[in-house]
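Counting the sequence shown from 1 gives a position; the numbering used here is that position plus 78.
Even for Gly, the Cβ is constructed at its ideal location relative to N, Cα and C.
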Amino acid sequence: MSVHEQFAEDLALYALGGLQGDERVALEKHVAECSACRRELEELRGDMALMALSAAGPTPPRRARQRLTDAIAREPRAVPVRPRRAWWAPLPWLAIVALALVAGWFWRQKDQLAQRVAELENESTGQQAQLQRAREVVETLTATDAMRVTLVAAKTAPQPQGKAIYVRNRSSLIFLASNLPTLPPQKAYELWLIPTSGAPIPAGVFKPDVQGSATVINPQLPPGVEAKTFAITVEPEQGSLVPTMPIVMVGAGE
Numbered sequence: 079m080s081v082h083e084q085f086a087e088d089l090a091l092y093a094l095g096g097l098q099g100d101e102r103v104a105l106e107k108h109v110a111e112c113s114a115c116r117r118e119l120e121e122l123r124g125d126m127a128l129m130a131l132s133a134a135g136p137t138p139p140r141r142a143r144q145r146l147t148d149a150i151a152r153e154p155r156a157v158p159v160r161p162r163r164a165w166w167a168p169l170p171w172l173a174i175v176a177l178a179l180v181a182g183w184f185w186r187q188k189d190q191l192a193q194r195v196a197e198l199e200n201e202s203t204g205q206q207a208q209l210q211r212a213r214e215v216v217e218t219l220t221a222t223d224a225m226r227v228t229l230v231a232a233k234t235a236p237q238p239q240g241k242a243i244y245v246r247n248r249s250s251l252i253f254l255a256s257n258l259p260t261l262p263p264q265k266a267y268e269l270w271l272i273p274t275s276g277a278p279i280p281a282g283v284f285k286p287d288v289q290g291s292a293t294v295i296n297p298q299l300p301p302g303v304e305a306k307t308f309a310i311t312v313e314p315e316q317g318s319l320v321p322t323m324p325i326v327m328v329g330a331g332e
């Protein structure tokens, strides 16, 4: 038997992890220099992978089983060698490959899963904010202790109109306007809460749409202010801290 044939017969044992020590080193050196043995080793490993997966997947080709069986049958059996293996010996290479594949898959999925979780969290946060805003609007509109004010302007057709609904103990305010005239550039309307005592309080800057409609929903207001009237003035588009006369609309509680 030639040296090449001896190494060729050891390929199956090597693929199964059965060669150790000097035998393993010698075969690896031979495989590195012999393209035929290298090709045969690759085929054996491919066949073993198919057979290892056959329990959970499709049955591997019959020729793969036969080729591996024939290769193992060619192994000499007269003097079996049982190299001593420590308890910490490595896992068979198939198990290592399987673990590496699974780990690689999870690693690729990690970023995608993290991104999707962040998207869902952002969507949930946005939905919660919208729901809270809707609750506040409903509570203000249906509050039995709400102050309801209608603001009108005389001598204009169609007549501009605004309605303010103010709940003092919640400091919540909803203002709806209609038929408002279009303003010059860099100008805006500003709503004012006129308290029973003290200076007017800014209650929101707004611009009407093309139909003259506008809304102000829950502007920042000091807590517990008792309102006497509400008024509207024309201000610079960034708003003012003090009303600019004249007042274009005004209304008291109904």
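- Closest in C-alpha terms to residue 280, from the list 259, 215 and 307, comes 307.
- By the 16-neighbour rule on beta-carbons within 10 angstroms, residue 201 is exposed.
- In this structure, 84 is the residue among 240, 84, 320 and 253 with its C-alpha nearest to the C-alpha of residue 102.
- As a beta-bridge residue in DSSP terms, residue 267 pairs with 284 and 312.
- Around the C-beta of residue 320, fewer than 16 other C-beta atoms lie within 10 Å, and the residue is accordingly described as exposed.
- With fewer than three CB-CB distances shorter than 8 Å, the stretch 284 to 292 does not count as touching the stretch 193 to 211.
- For residue 85, DSSP records no beta bridge to any residue.
- Here residue 268 is buried, its C-beta having at least 16 other C-beta atoms within 10 Å.
- When DSSP assignments are scanned along the stretch 200 to 268, the uninterrupted stretches of beta strand (DSSP E) that are 3 or more residues long and fall wholly within it turn out to be 225 to 230, 239 to 245 and 250 to 256.
- In terms of CA proximity to residue 250, 302 leads the group 123, 302, 257 and 113.
- In the displayed model, residue 114 falls within a helix according to three-state DSSP.
- Distance between residue 324 and residue 259, taken at the CA atoms: about 15 Å.
- The DSSP-derived three-state label of residue 328 is strand.
- Residue 255 holds the alpha-carbon nearest to the alpha-carbon of residue 328 among 298, 316, 255 and 296.
- Distance from the Cα of residue 221 is smallest, within the candidate group 95, 244, 99 and 295, for 244.
- Assignment of residue 192 by DSSP, reduced to helix, strand and coil, places it in the helix class.
- Counting other Cβ atoms within 10 Å of its Cβ, residue 240 reaches 16 or more and is therefore classed as buried.
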